[in-house]
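Residue numbers (the working numbering): 2 to 152.
Dropping the structure here:
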């Protein structure tokens, strides 16, 4: 299982994008398909609801609840201790604390605002995340005229 904390901007962007090939939409599709387990806590879920409910995004309340409900089906609640890390946006600290708490599972923090977080290998953009999670599947097969499973 692949574990990831998904920054709110990724969820919002996935819901308002017009591009079916958008990396943010592909990340959310991987979550909904059960390929990725998202790491959440009460603060993260509250931020998802608050931001998605902003009038500027034009999302209906029923749609928001449907998305949140679907995300919850593929989530793990994480009790994260404070890391003491100061970030440019204090609201981002909870996302960072949760991903730090699950580094034993190799968790990622997926964000469109990479500059808001410390530079480290587990803080990635949606496109980088897709490259990371899709590469193991691609490496399972060798193309030598016929596709073979490579253990």
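Here a beta-carbon is modelled for each residue, glycine too, at the ideal position from N, C-alpha and C.
Within a Cβ cutoff of 7 angstroms, which residues of the same chain sit near residue i, ignoring the five residues on either side of it in sequence?
i           : result
residue 108 : 4, 5, 6, 40, 100, 123
residue 114 : 8, 10
residue 92  : 48
residue 83  : 98
residue 94  : 86, 88
residue 56  : none
residue 72  : 32, 39
Can you pull the DSSP bridge partners for residue i?
i           : result
residue 65  : Its beta-bridge partners do not exist; DSSP assigns none.
residue 40  : 77
residue 133 : Answer is none; residue 133 lacks a bridge partner.
residue 124 : 110
residue 5   : 39, 109
Can the beta-carbon of residue i be found closer than 7 angstroms to that of residue j?
i           : j          : result
residue 112 : residue 97 : no
residue 128 : residue 21 : no
residue 42  : residue 79 : yes
Can you give me the Cβ contacts of residue i inside the same chain, cut-off strictly under 8 angstroms, excluding the 5 residues immediately before and after it?
i          : result
residue 76 : 38, 39, 40, 41
Can you give me the Cβ contacts of residue i inside the same chain, cut-off strictly under 6 angstroms, excluding the 5 residues immediately before and after it?
i           : result
residue 53  : 60, 65
residue 102 : 79, 81
Check whether the segment 41 to 53 touches the segment 68 to 82, counting contact only when three or more Cβ pairs, one atom from each stretch, lie closer than 8 angstroms. yes
Continuous alpha helix (DSSP H) assignments of at least 4 residues falling wholly in the segment 42 to 90: 43 to 53, 62 to 74
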